[in-house]
Amino acid sequence: MILFIRETEHKQGEWQAEGEAGSTEQGISVNRNRSASVCLLFCRWAQFFIHPLMIRDAIDREVEAVDSEYQLARPSDANRKEMLFGSLARPGHPMGKFFWGNAETLKHEPKRNNIDTHARLREFWMRYYSAHYMTLVVQSKETLDTLEKWVTEIFSQIPNNGLPKPNFGHLTDPFDTPAFNKLYRVVPIRKIHALTITWALPPQQQHYRVKPLHYISWLVGHEGKGSILSYLRKKCWALALFGGNGETGFEQNSTYSVFSISITLTDEGYEHFYEVAHTVFQYLKMLQKLGPEKRIFEEIQKIEDNEFHYQEQTDPVEYVENMCENMQLYPLQDFLTGDQLLFEYKPEVIAEALNQLVPQKANLVLLSGANEGKCDLKEKWFGTQYSMEDVENSWAELWKTNFELNPDLHLPAENKYIATDFMLKAFDCPETEYPVKIVNTPQGCLWYKKDNKFKIPKGKIVVLFDIFVNILTHNLAEPAYEADVAQLEYKLVAGEHGLIIRVKGFNHKLPLLFQLIIDYLAEFSSTPAVFTMITEQLKKTYFNILIKPETLAKDVRLLILEYARWSMIDKYRALMDGLSLESLLSFVKEFKSQLFVEGLVQGNVTSTESMDFLKYVVDKLNFMPLEQEMPVQFQVVELPSGHHLCKVRALNKGDANSEVTVYYQSGARSLKEYTLMELLVMHMEEPCFDFLRTKQTLGYHVYPTCRNTSGILGFSVTVGTQATKYNSEVVDKKIEEFLSSFEEKIENLTEEAFNTQVTALIKLKECEDTHLGEEVDRNWNEVVTQQYLFDRLAHEIEALKSFSKSDLVNWFKAHRGPGSKMLSVHVIGFGKYELEEDGSPSGEDSNSSCEAMQLTYLPSSPLLVDSTIPITDIRAFTSTLNLLPYHKIVK
1 MILFIRETEH
11 KQGEWQAEGE
21 AGSTEQGISV
31 NRNRSASVCL
41 LFCRWAQFFI
51 HPLMIRDAID
61 REVEAVDSEY
71 QLARPSDANR
81 KEMLFGSLAR
91 PGHPMGKFFW
101 GNAETLKHEP
111 KRNNIDTHAR
121 LREFWMRYYS
131 AHYMTLVVQS
141 KETLDTLEKW
151 VTEIFSQIPN
161 NGLPKPNFGH
171 LTDPFDTPAF
181 NKLYRVVPIR
191 KIHALTITWA
201 LPPQQQHYRV
211 KPLHYISWLV
221 GHEGKGSILS
231 YLRKKCWALA
241 LFGGNGETGF
251 EQNSTYSVFS
261 ISITLTDEGY
271 EHFYEVAHTV
281 FQYLKMLQKL
291 GPEKRIFEEI
301 QKIEDNEFHY
311 QEQTDPVEYV
321 ENMCENMQLY
331 PLQDFLTGDQ
341 LLFEYKPEVI
351 AEALNQLVPQ
361 KANLVLLSGA
371 NEGKCDLKEK
381 WFGTQYSMED
391 VENSWAELWK
401 TNFELNPDLH
411 LPAENKYIAT
421 DFMLKAFDCP
431 ETEYPVKIVN
441 TPQGCLWYKK
451 DNKFKIPKGK
461 IVVLFDIFVN
471 ILTHNLAEPA
481 YEADVAQLEY
491 KLVAGEHGLI
501 IRVKGFNHKL
511 PLLFQLIIDY
521 LAEFSSTPAV
531 FTMITEQLKK
541 TYFNILIKPE
551 TLAKDVRLLI
561 LEYARWSMID
571 KYRALMDGLS
581 LESLLSFVKE
591 FKSQLFVEGL
601 VQGNVTSTES
611 MDFLKYVVDK
621 LNFMPLEQEM
631 PVQFQVVELP
641 SGHHLCKVRA
651 LNKGDANSEV
661 TVYYQSGARS
671 LKEYTLMELL
681 VMHMEEPCFD
691 FLRTKQTLGY
701 HVYPTCRNTS
711 GILGFSVTVG
721 TQATKYNSEV
731 VDKKIEEFLS
741 SFEEKIENLT
751 EEAFNTQVTA
761 LIKLKECEDT
771 HLGEEVDRNW
781 NEVVTQQYLF
791 DRLAHEIEAL
801 KSFSKSDLVN
811 WFKAHRGPGS
821 KMLSVHVIGF
831 GKYELEEDGS
841 PSGEDSNSSC
851 EAMQLTYLPS
861 SPLLVDSTIP
871 ITDIRAFTST
881 LNLLPYHKIV
891 K
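Right, dumping it as structure tokens:
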């Protein structure tokens, strides 16, 4: 049992809970500006552990919430694979249990067997929620004496049952069964080919000072020359590789530790998956023959030391949660460092773990849609289709022998990117509170701000471009990997109007990485094999995005609102129609001939050094300036008055989840109105959750949102529900019912309650950045949207101070009145409340998805048919609408 508390700027506080294999975590955040109530809130929260109410009706509602969470988890390949893996454990072992829980196991089955769930829950609390099992962390600006007094007075009342802490250490080797060392073919939800090789090792937690699995995973997951992935990429067999132990309760506990290697395969790699596995085994055998290398260990140790000593401040919730977990695992002297640092080099400990990673003890799982129709088994809880077979005899026999090593596989060379100079730079220009433009030419401009607050030896460079990111990223993967492991991060993002290159890390070696990226951009090239591989993977990426109801709902909403937008479906179909390498290279050549470069440099970098970044880009790419200014926003359509409904079918027939979003468009508004809308949504959050999730139990994810769509404002309410439980029109009407009750609620709001919310939002905006990245992200958003209002927060705070309760009420009424512009987007899952065209429910356990990838418009049910205007062709609908002018929220 893990407890953690931290202070927050939130209006009243937030509570969170999470279950792990072997532990539960409970946390609360409390507003530091309400110090009189902090102690009271601690007392109330502690009562859950001292004397929980456990009201029967509340338990029934939470069962529905747990079931909704389970339904949301079912379409996840990671969850399905984990559940299948657990099912391979010895009968009766805890790791083979159903960890999720649903309405069947928590409600229907107990009822059939005359089991009192309420009584069982109380028994569970009395046995396991005992004070001597718990750890508690409190973070606050109060004095240590005050905190100690509160903790002693409040939490010492938690009962101690005096029973020994449950220990499962005698249940080791849960996967020492004939079913483990097999090949499992699995049908995934997503469009993907993947091979996962897993070993179940003895528990490794006691070796935390050596971290043998971290040493092995660092080498196995390396992407530089001589690595597994480098070799597989050259063969065009793999796109990504992740190896190691996730340190979750499922992967590391007192009964075993997992070491797994997951490889994302190309189509060709899928056809050669045995060769891919053989490459992995060859690399591991090479490591076993060489034995642990002190040079490698010390390099990892140095990188982790740098990261620890110069880490940016973490989110307080994450910090106290992590600390609470550490207190369960490490002795007092290692609470802060036990999960991060490598303390001792013990080659015999590393070798002991490494020598167990042999083919004869491995479990192979092959995910692919090509397995459909070949899998005759089905996992009980998630309905995963799979088959079990022996490893092909020729490979099994080869792996029993002293097979040859691969000469292309070797240890990485010494890393030249590890920082050693951590001196803070002296100022070479006046200090400024916000970024200033220090270069402005027809070819580009540069914004600069020297870090005068966080004072850590790091910097961030963000440059905007437009190019095909996936191939450039692939080309950079090997040469830039050493920089990546040395805590120099880079990210290439294909934005809507250009390519964003983000680089950050220790400033000492940051220019080397930046120059490397620009060099590869300047000399961009691609082989036909790489082009085909990346194109095929991009199809899968688009497909996997679209089969999620929440992302399809976003795509549909923006396709309606943003004129000339290419939807994800449009992109997918363009790829399916075919593109050529020649057309790509022709585009890149034309692209690089005319550019406008806009960048932001911020951190431990002088202004002179920052100008060198832009100069390097201009000199290396040698481009002409753009002939005319390019807009960085879409134009947005003006919705007509009334309630328009776009109802489409989800694209995964095995997914019961539906997504319902009700959106109200406001228009091209001022910064003051945007701030008022933020205040409105803040008022809305708690009653929205209480009405739609707690009382109506419509779904697990329920939330209101401020919407800034290319400068056009609006707000929405979203509910993730299930077609096995509700018709989407019922959910839509419940959202409207909530908004009606909310109008009455804010009308009856006291001035004191209104002012409390205003103060809370002001405090939230006044909250200091916890690390450099937060400040950079905010400044970069101003640059990339070309608004340049770097003191936006100060203007928003001034606006908040001017608002009255009537401003809030009148704004809300104006946007929900007879002339309101309302858009409902429904993405419909498959279940008994949403029928197929022939009137029969879709098969719930089908893994099939719509290969055609086109929107299927559905008619509205009688519940909304008289009050809504249906959208049955988005292009036809939007072609009749007016376009709102480009708008920036700067006044």
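Per full-length UniProt numbering, the very first residue in the sequence shown carries number 1; after that it's consecutive. Think of the CB as a built atom: it goes at the ideal place given N, C-alpha and C, for glycine as much as any other residue. This structure is a prediction, so every number in the text was calculated from the model and none was measured.
Give the DSSP bridge partners of residue i, in chain order.
{"i": "Ile438", "result": "According to DSSP, which records beta bridges pairwise, Ile438 is partnered with nothing at all."}
{"i": "Ser257", "result": "Leu201 and Gln252"}
{"i": "Leu883", "result": "Val637"}
{"i": "Thr264", "result": "Ala194 and Ala240"}
{"i": "Ala17", "result": "Gln26"}
{"i": "Val731", "result": "Partner(s): none; Val731 has no beta bridge."}
{"i": "Ile869", "result": "His644"}
{"i": "Gly831", "result": "Glu834"}
{"i": "Lys821", "result": "Gly642 and Gln665"}
{"i": "Lys672", "result": "Lys672 pairs with nothing; no bridge assigned."}
Helix, strand or coil: which one does DSSP assign to residue i?
{"i": "Glu312", "result": "coil"}
{"i": "Pro94", "result": "helix"}
{"i": "Gly578", "result": "coil"}
{"i": "Trp399", "result": "helix"}
{"i": "Leu284", "result": "helix"}
{"i": "Tyr663", "result": "strand"}
{"i": "Gln787", "result": "coil"}
{"i": "Leu698", "result": "coil"}
{"i": "Cys646", "result": "strand"}
{"i": "Val66", "result": "helix"}
{"i": "Trp447", "result": "strand"}
{"i": "residue 935", "result": "Within the shown structure, residues of the chain are numbered from 1 to 891, placing residue 935 beyond reach of any answer."}
{"i": "Met682", "result": "helix"}
{"i": "Ile874", "result": "helix"}
{"i": "Ala362", "result": "coil"}
{"i": "Met134", "result": "coil"}
{"i": "Met624", "result": "strand"}
{"i": "Lys453", "result": "Low per-residue confidence applies at Lys453: pLDDT is 46, beneath 50, and the placement is therefore not dependable enough to give any value."}
{"i": "Leu377", "result": "strand"}
How would you write the range of the alpha helix (DSSP H) that residue i sits in, first residue to last?
{"i": "Asn708", "result": "Here Asn708 belongs to no alpha helix (DSSP H); instead the beta strand (DSSP E) covers His701 to Thr709."}
{"i": "Met126", "result": "Thr117 to Tyr128"}
{"i": "Thr551", "result": "Pro549 to Leu561"}
{"i": "Gln515", "result": "Leu510 to Ala522"}
{"i": "Val151", "result": "Leu144 to Phe155"}
{"i": "Gln602", "result": "That residue, Gln602, is in no alpha helix (DSSP H); its beta strand (DSSP E) goes Val597 to Gly603."}
Just curious, the beta strand (DSSP E) that residue i is in, first and last residue?
{"i": "Thr491", "result": "Checking the sequence shown, residue 491 turns out to be Lys, not Thr. It spans Glu489 to Gly495 - the beta strand (DSSP E) in which Lys491 sits, taken as one unbroken run."}
{"i": "Gln385", "result": "Gln385 to Glu389"}
{"i": "Asn652", "result": "Taken as a continuous stretch (DSSP letters only), Asn652 belongs to no beta strand (DSSP E), as it is neither H nor E."}
{"i": "Tyr184", "result": "Leu183 to Val186"}
{"i": "Thr721", "result": "Ile712 to Gln722"}
{"i": "Val618", "result": "Here Val618 belongs to no beta strand (DSSP E); instead the alpha helix (DSSP H) covers Ser607 to Leu621."}
{"i": "Glu768", "result": "Here Glu768 belongs to no beta strand (DSSP E), and DSSP marks it neither H nor E."}
Can you give the beta carbon distance from residue i to residue j, rounded, assuming they're within the 8 Å contact cut?
{"i": "Leu858", "j": "Ile828", "result": "6 Å"}
{"i": "Gly667", "j": "Ile712", "result": "6 Å"}
{"i": "Val186", "j": "Leu367", "result": "5 Å"}
{"i": "Trp811", "j": "Leu645", "result": "Wrong, their Cβ atoms sit about 24 Å apart, outside the cutoff."}
{"i": "Val601", "j": "Ser610", "result": "4 Å"}
{"i": "Leu864", "j": "Arg816", "result": "About 17 Å separates the two Cβ atoms, so there is no contact after all."}
{"i": "Glu478", "j": "Ser710", "result": "About 38 Å; that fails the 8 Å criterion."}
{"i": "Leu581", "j": "Phe531", "result": "4 Å"}
{"i": "Leu341", "j": "Phe308", "result": "6 Å"}
{"i": "Ile501", "j": "Leu492", "result": "6 Å"}
{"i": "Ser670", "j": "Lys891", "result": "5 Å"}
Spell out whether any CB of chain D is found under 8 Å from the CB atom of residue i.
{"i": "Gly226", "result": "The structure shown has no chain D; it contains just one protein chain."}
Notebook entry, point to check: Would you call the region 64–78 and the region 189–203 in contact, with 3 or more CB pairs under 8 Å?
Noted result: At 8 Å Cβ cutoff, the stretches touch.
Next item on the list: Could you tell me whether the region 198–206 touches the region 244–253, using the rule of 3 or more Cβ pairs below 8 Å?
Entry: yes
Check: Counting Cβ pairs closer than 8 Å, one from the region 428–448 and one from the region 590–597, do we hit at least three?
Finding: Contact between the region 428–448 and the region 590–597 is present, with at least three C-beta pairs closer than 8 Å.
Margin query: Using a Cβ distance threshold of 8 Å, determine whether the region 569–587 contacts the region 535–544, with at least three qualifying pairs required.
Written below: yes
Note to self: Between the region 308–328 and the region 260–280, can you find at least three pairs of beta-carbon atoms closer than 8 Å?
What the structure shows: no
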